[in-house]
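Asks: Numbers in the working numbering are just positions in the sequence shown, counted from 1, shifted up by 5. C-beta atoms are modelled at their ideal positions from N, C-alpha and C, and glycine is treated no differently.
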Amino acid sequence: MAFDPKFIRNFSIVAHIDHGKSTLADQLLLQSGAITQREFREQLLDDMDLERERGITIKARAVAINYVLDGQNYELNLIDTPGHVDFHYEVSRSLAACEGAILLVDATQGVQAQTVANAYLAVAGNLAIVPVLNKIDMQAARPEEIKEEIMATLGIDPDEVLAISAKTGQGVPEVFRAVIDRVPPPQGDPKGPLRALIFDSKFDDYQGVVTYVRVVDGTLRRGQKIRLMAGDTEHEVTGLGRFRPREVACDELGVGQVGYVTANIKRLSDVRIGDTMTDVPRGAETALPGYQEPVQVVYCGLFPATHNEFEDLRTALQKLALNDSSFTFEPETSDALGFGFRCGFLGMLHMEIVQQRLERESNLSLVQTAPNVTYEIVTRRGETLHISNPTRIPDSGDIEEFREPVARVNFILPSDCIGSIMQLCEDRRGTYLKTEYLTPTRAILSYELPLAEMIYDLYDKLKSATRGYGTMDYELLGFRANDLVRLDVLVAGEKVDALSIVVHRDHAYRRGQRLVKKLKGEIDRHQFEVAIQAAIGSKIVARETIAALRKNVTAKCYGGDITRKRKLLEKQKEGKKRMKQVGNVEISQEAFLAVLDDSED
6 MAFDPKFIRN
16 FSIVAHIDHG
26 KSTLADQLLL
36 QSGAITQREF
46 REQLLDDMDL
56 ERERGITIKA
66 RAVAINYVLD
76 GQNYELNLID
86 TPGHVDFHYE
96 VSRSLAACEG
106 AILLVDATQG
116 VQAQTVANAY
126 LAVAGNLAIV
136 PVLNKIDMQA
146 ARPEEIKEEI
156 MATLGIDPDE
166 VLAISAKTGQ
176 GVPEVFRAVI
186 DRVPPPQGDP
196 KGPLRALIFD
206 SKFDDYQGVV
216 TYVRVVDGTL
226 RRGQKIRLMA
236 GDTEHEVTGL
246 GRFRPREVAC
256 DELGVGQVGY
266 VTANIKRLSD
276 VRIGDTMTDV
286 PRGAETALPG
296 YQEPVQVVYC
306 GLFPATHNEF
316 EDLRTALQKL
326 ALNDSSFTFE
336 PETSDALGFG
346 FRCGFLGMLH
356 MEIVQQRLER
366 ESNLSLVQTA
376 PNVTYEIVTR
386 RGETLHISNP
396 TRIPDSGDIE
406 EFREPVARVN
416 FILPSDCIGS
426 IMQLCEDRRG
436 TYLKTEYLTP
446 TRAILSYELP
456 LAEMIYDLYD
466 KLKSATRGYG
476 TMDYELLGFR
486 ANDLVRLDVL
496 VAGEKVDALS
506 IVVHRDHAYR
516 RGQRLVKKLK
526 GEIDRHQFEV
536 AIQAAIGSKI
546 VARETIAALR
556 KNVTAKCYGG
566 DITRKRKLLE
576 KQKEGKKRMK
586 QVGNVEISQE
596 AFLAVLDDSE
606 D
């Protein structure tokens with residue numbers, strides 16, 4: 006029997022990275038009795054090896070909790086979300102399946118960049134916000150000061166803010182009461198046609214595609230015939246269940262309930278995140294709004310280390326895309342690396358996580374090319390091209406306008422670090438917008454920056470310049486025209502397409518000099534001399550030469566006529582000349598990533 010919707014609450018926990026979301030989720034499970042003290046461990050919902058190693062949440066996780074308040078049994082569906090800016094899309098998907106959100110703020114660090122971004126995301130989705138101040142048991146906690154900061158930044162009444170310690174469990178019962186009192190129950194028609202939102206999925210070798218759904222209208226039952234509205238495919242439900250937090254089978258899911266569905270879906274392409282599931286005899290006429298498509302901002306090539314693994318890589322990418330719909334991939338060919346895929350990601354951390362998941366979960370060995378952003382080019386014929394691979398940029402004579410993506414970046418940082426961050430942004434062609442003071446010692450600094458200048462190491466440089474206290478959040482504004490050129494790299498006279506980058510014309514000579522110097526250190530010496538050149542079109546702007554490995558061919562000559570030694574050296578010289586014409590230069594994975602490093606050393 007389905008649960009009465011008025012006693013169901015669907016909510017997410019959102020916060021900046023490392024503010025204690027997963028710890029609070031663990032404590033909610035423990036205090037509700039969903040897990041025992043013996044089963045309790047840190048980051049219980051983070052079951053991926055990478056999540057536990059890095060101490061961060063990568064995938065949003067849903068769990069159903071039963072909680073008794075004042076004699077009434079409530080069903081609480083909780084979604085624990087990531088905090089890093091690269092996984093912002095996971096948060097937006099989770100919020101679309103909820104009516105409320107716990108906004109968690111660290112009592113030692115205060116309001117941070119992702120706190121503000123996630124609060125605005127919850128407000129835009131008309132969600133009820135439950136503000137919670139975490140880590141009040143720590144010596145460095147400043148609860149009253151941080152409440153004023155929440156008031157100044159987000160306009161939330163300090164009296165509504167709950168003070169808790171997720172680590173010790175202090176104040177957690179008040180969080181349960183606040184969620185039940187402040188978050189509205191789900192609205193839906195239990196007797197109407199079935200409409201269930203697919204908010205996540207994964208591939209199981211035995212069951213096929215497993216979809217995670219939230220029922221909006223109607224009831225979902227085992228054995229029911231269903232239709233996926235986007236792909237217009239029909240299936241029969243073979244299994245239903247809830248997350249408690251392990252998967253527990255059930256016979257039906259009612260309005261507002263969250264669970265998983267198996268329906269013998271064998272083709273990966275049949276399931277789309279954000280699609281609507283409905284029943285076949287009297288299906289819904291209109292689909293649910295679904296999700297806004299994620300915008301990929303970083304692109305790189307992924308190639309198998311051995312050419313016969315291309316199909317394995319394709320299958321691995323398809324399976325992973327089912328579990329993480331925010332990255333894209335399409336086949337591409339490189340003269341240097343053979344057949345592979347051009348993949349799009351939401352950021353550098355997202356790219357790193359996807360590569361590591363592919364290597365671990367599918368046991369693949371990959372070569373990754375230097376990441377780059379998407380550019381917009383208007384040709385002299387009036388066409389507008391979107392280029393995610395520098396090798397596809399047309400000749401400069403055909404380009405009318407070369408546009409690059411620009412982002413608005415908000416830094417939240419100690420006010421004594423403003424000068425160093427402004428210098429960092431100026432060096433990266435940034436445009437200053439404004440400075441706002443949260444408190445006398447903390448400020449929000451806003452800049453407009455080209456996306457290409459910030460994706461690689463701006464976050465690391467920010468942490469160094471602010472002694473770890475600075476945070477950032479960015480949003481894309483669109484494309485702006487600028488004087489950009491493609492910088493090509495030639496190794497032994499051959500253009501290596503995978504090493505091409507786009508730079509501003511004013512910085513091209515400096516970048517070219519640094520790049521060839523870096524590559525000289527990364528490419529191994531060969532039996533012949535190797536020239537590394539950086540070029541814009543046909544103009545060479547920088548060159549370095551890797552000296553040949555030289556065997557001592559005169560070692561066996563003890564004294565004697567000098568002409569014999571000369572003859573041996575000339576013979577060696579001729580051999581190296583022939584080798585240079587036919588020899589291949591081995592380029593390491595580190596060389597492809599050296600393209601990114603623009604530092605002086």
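(1) Are P410 and L456 touching if we call contact CB-CB under 8 Å?
(2) So, K152 versus D111, is the Cβ gap smaller than 8 Å?
(3) Does G343 come out as helix, strand or coil in the three-state DSSP assignment?
(4) Helix, strand or coil for M143, going by three-state DSSP, please let me know.
(5) State the start and end residues of the unbroken alpha helix (DSSP H) segment that holds H509.
(6) Quick one: what's got a C-beta closer than 6 Å to A122's C-beta in the same chain, skipping five residues either side?
(7) Are the beta-carbon atoms belonging to G213 and K172 less than 8 Å from one another?
(8) So is R14 buried or exposed if we call it buried at 16+ other beta carbons inside 10 Å?
(9) Keeping to the same chain, check which residues put their C-beta closer than 6 Å to that of F181; ignore five residues upstream and five downstream.
(10) With DSSP collapsed to three states, give me the class of I398.
(11) Could you tell me the distance, in whole angstroms, from the CA atom of L138 to the CA atom of L351?
(12) Which residues does DSSP pair with M477 in a beta bridge?
(13) In this structure, how does DSSP classify K207 when only helix, strand and coil are distinguished?
(14) Alpha carbon to alpha carbon, what distance is there between R249 and Y452?
(15) Leaving out five residues before and five after E441 in sequence, what residues of the same chain have Cβ atoms less than 6 Å from its Cβ?
(16) Could you check if I567 is buried or exposed, using at least 16 other CB atoms within 10 Å of its CB as the buried criterion?
(17) Determine whether the beta carbon atoms of Y304 and G349 lie at a separation below 8 Å.
(18) Are the region 216-223 and the region 248-263 in contact at 8 Å, needing three or more beta carbon pairs?
(19) Rounding to the nearest angstrom, what Cα-Cα distance links A1 and P445 in this structure?
(20) Is R485 helix, strand or coil by DSSP?
(21) Do A183 and L159 have their C-beta atoms within less than 8 Å of each other?
(22) What's the C-alpha gap between K544 and Q518?
(23) Reducing DSSP to helix, strand and coil, say where E252 ends up.
(24) Confirm the yes/no value for this check: CB of V214, any heavy atom of the ligand ATP, distance under 7 Å.
(25) My understanding is that R609 touches R408, with C-beta atoms under 8 Å, so please give their C-beta distance in whole angstroms.
(26) Spatial neighbours of F12 within its chain, please: C-beta separation below 6 Å, excluding the five flanking residues on both sides.
(27) Out of curiosity, what's the CA-to-CA distance linking G115 and L109?
(28) Between E364, H391, L371, which lies nearest to F344 when the distance is taken from Cα to Cα?
(29) Over what stretch of residues does the alpha helix (DSSP H) that includes T28 continue unbroken?
(30) Let me know if V414 comes out buried or exposed under the rule of 16 or more other beta-carbons within 10 Å of its beta-carbon.
(31) Mind checking which residues open and close the alpha helix (DSSP H) that includes T120?
(32) Give me, in chain order, the residues of the same chain whose beta-carbon lies closer than 6 Å to that of E480; leave out the 5 immediate sequence neighbours on both sides.
(33) When you compare the CB positions of T333 and D502, do they come within less than 8 Å of one another, or not?
(34) Going along the chain, which residues of its own chain have a beta-carbon closer than 6 Å to the beta-carbon of S170, five neighbours each way excluded?
(35) Which residues does DSSP list as the beta-bridge partners of Y4?
(36) Let me know if N269 comes out buried or exposed under the rule of 16 or more other beta-carbons within 10 Å of its beta-carbon.
Replies: According to the structure data:
(1) Here residue 410 refers to the residue found at position 405 of the sequence shown. Here residue 456 refers to the residue found at position 451 of the sequence shown. A contact, by the Cβ cut-off of 8 Å.
(2) As a first step, residue 152 must be located in the sequence shown, where it is residue number 147. As a first step, residue 111 must be located in the sequence shown, where it is residue number 106. Not in contact: K152 and D111 (Cβ atoms no closer than 8 Å).
(3) Start at 1 with the first residue of the sequence shown, and residue 343 comes out as number 338. It is a strand residue.
(4) Translated into the one-based positions of the sequence shown, residue 143 becomes position 138. Coil.
(5) Taking the sequence shown and counting its residues from 1, the one referred to as residue 509 is at position 504. Taken as a continuous stretch (DSSP letters only), H509 belongs to no alpha helix (DSSP H), being part of the beta strand (DSSP E) at 506-509.
(6) Position 117 of the sequence shown holds residue 122. Excluding sequence neighbours, A122 sits near D478.
(7) Taking the sequence shown and counting its residues from 1, the one referred to as residue 213 is at position 208. Taking the sequence shown and counting its residues from 1, the one referred to as residue 172 is at position 167. Their beta carbons are not under 8 Å apart, which means G213 does not touch K172 by this criterion.
(8) In the sequence shown, the residue the question calls residue 14 occupies position 9. When all chains shown are included, R14 counts as buried.
(9) Reading the sequence shown from its first residue, position 176 is the one you call residue 181. Closer than 6 Å at the Cβ level, and outside the excluded window around F181, lie Y72.
(10) In the sequence shown, the residue the question calls residue 398 occupies position 393. The answer is coil: DSSP assigns I398 none of H, G, I, E or B.
(11) Here residue 138 corresponds to residue number 133 of the sequence shown, with the count starting at 1. Here residue 351 corresponds to residue number 346 of the sequence shown, with the count starting at 1. Answer to the nearest angstrom: the Cα atoms are 29 Å apart.
(12) Here residue 477 refers to the residue found at position 472 of the sequence shown. Answer by DSSP bridge pairing, in chain order: F416.
(13) Residue 207 sits at position 202 when you count from the first residue of the sequence shown. Looking at K207 - three-state DSSP - the assignment turns out to be strand.
(14) For the purposes of this step, residue 452 is taken as the residue at position 447 of the sequence shown. For the purposes of this step, residue 249 is taken as the residue at position 244 of the sequence shown. Distance between the alpha carbons of Y452 and R249 is about 44 Å.
(15) What you label residue 441 is simply residue 436 of the sequence shown in a count that begins at 1. Only I449 meet the Cβ criterion.
(16) Walking along the sequence shown from the start, residue 567 turns up at place 562. Under this definition I567 is an exposed residue.
(17) By one-based count along the sequence shown, residue 304 stands at place 299. By one-based count along the sequence shown, residue 349 stands at place 344. Contact: yes.
(18) Because the criterion of three Cβ pairs below 8 Å is met, the region 216-223 and the region 248-263 touch.
(19) Examination of residue 1 is not possible in this model, given that the chain is present from 6 through 606 alone.
(20) Translated into positions along the sequence shown, residue 485 becomes position 480. If DSSP states are grouped into helix, strand and coil, R485 belongs with the strands.
(21) Working through the sequence shown from its first residue, we reach residue 183 at position 178. Working through the sequence shown from its first residue, we reach residue 159 at position 154. No. Outside cutoff.
(22) Locating residue 544 in the sequence shown gives position 539, counting from the first residue. Locating residue 518 in the sequence shown gives position 513, counting from the first residue. Distance between the alpha carbons of K544 and Q518: 14 Å.
(23) Mapped onto the sequence shown, residue 252 falls at position 247. Of the three classes helix, strand and coil, the one that applies to E252 here is strand, per DSSP.
(24) The ligand ATP is not among the ligands present in this structure, which contains no ligands whatsoever.
(25) The chain is shown from 6 up to 606; residue 609 falls before or after that span and cannot be answered.
(26) Counted from its first residue, the sequence shown places residue 12 at position 7. So the list reads Y79, once near-sequence residues are dropped.
(27) As a first step, residue 115 is located in the sequence shown; it is residue number 110 there, counting from the start. As a first step, residue 109 is located in the sequence shown; it is residue number 104 there, counting from the start. Taking the Cα positions, G115 is about 10 Å away from L109.
(28) Stepping through the sequence shown from its first residue, residue 344 is reached at position 339. Looking at the Cα atoms, L371 is the closest of the given residues.
(29) Here residue 28 refers to the residue found at position 23 when the sequence shown is read from its first residue. 26-37 is the span of the alpha helix (DSSP H), which, as asked, contains T28.
(30) Walking along the sequence shown from the start, residue 414 turns up at place 409. Label assigned to V414: buried.
(31) For the purposes of this step, residue 120 is taken as the residue at position 115 of the sequence shown. 118-129 is the extent of the alpha helix (DSSP H) around T120.
(32) For this step, residue 480 is matched to residue 475 along the sequence shown. So the list reads R413, once near-sequence residues are dropped.
(33) Along the sequence shown, one-based indexing puts residue 333 at 328. Along the sequence shown, one-based indexing puts residue 502 at 497. Taking 8 Å as the Cβ cut-off, T333 and D502 do not qualify as a contacting pair.
(34) Start at 1 with the first residue of the sequence shown, and residue 170 comes out as number 165. I141, D142.
(35) The structure shown does not extend to residue 4, since the chain spans only 6 to 606, so no value can be given for it.
(36) Numbered from its first residue, the sequence shown carries residue 269 at position 264. The residue is exposed, with fewer than 16 neighbouring Cβ atoms inside 10 Å.
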